[in-house]
Amino acid sequence: MVSSVIPEIRKCGNVTVIAFGPQFETLDEFALDKIRDFVLEAAKAADPPKVVIDLSYTNFFGSSFIEILFRVWNRVNGAGG
Numbered sequence: 697m698v699s700s701v702i703p704e705i706r707k708c709g710n711v712t713v714i715a716f717g718p719q720f721e722t723l724d725e726f727a728l729d730k731i732r733d734f735v736l737e738a739a740k741a742a743d744p745p746k747v748v749i750d751l752s753y754t755n756f757f758g759s760s761f762i763e764i765l766f767r768v769w770n771r772v773n774g775a776g777g
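Residue numbers (this note's numbering): 697 to 777.
Here's what the structure looks like:
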């Protein structure tokens, strides 16, 4: 279960990495409500607009996460990434 934990944001060269650590083993609706805006803002702030979402520790995500991925892609693509 995710409380007030947020994903790690780091740069790897010119790419922004949004890393979901071990505390994000499950990205269900409850978890997504807490991190949705954070992830979208991180994608918007990526400069240059190149983003990798690291789900190495995630075993499950609900269908709402696919919407978040699509919205991240739209923001990055719209910024020329």
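For every residue, glycine included, the Cβ atom is placed at its ideal position computed from N, Cα and C.
A quick note: this is a predicted structure, and the numbers were derived from the prediction, not measured.
Going by the CB atoms, is the gap between residue j and residue i shorter than 8 Å?
i      : j      : result
LYS746 : VAL768 : no
GLU704 : THR754 : no
ILE702 : PHE726 : no
LEU728 : PHE756 : no
LEU765 : PHE716 : no
PRO744 : GLY709 : no
ARG771 : LEU736 : yes
For the putative contact between residue i and residue j, defined by C-beta atoms under 8 Å, what is the C-beta separation to the nearest angstrom?
i      : j      : result
ILE714 : ALA738 : 5 Å
Quick one: what's residue i bridged to in DSSP?
i      : result
ALA715 : GLU704 and ASP750
PHE757 : LEU723
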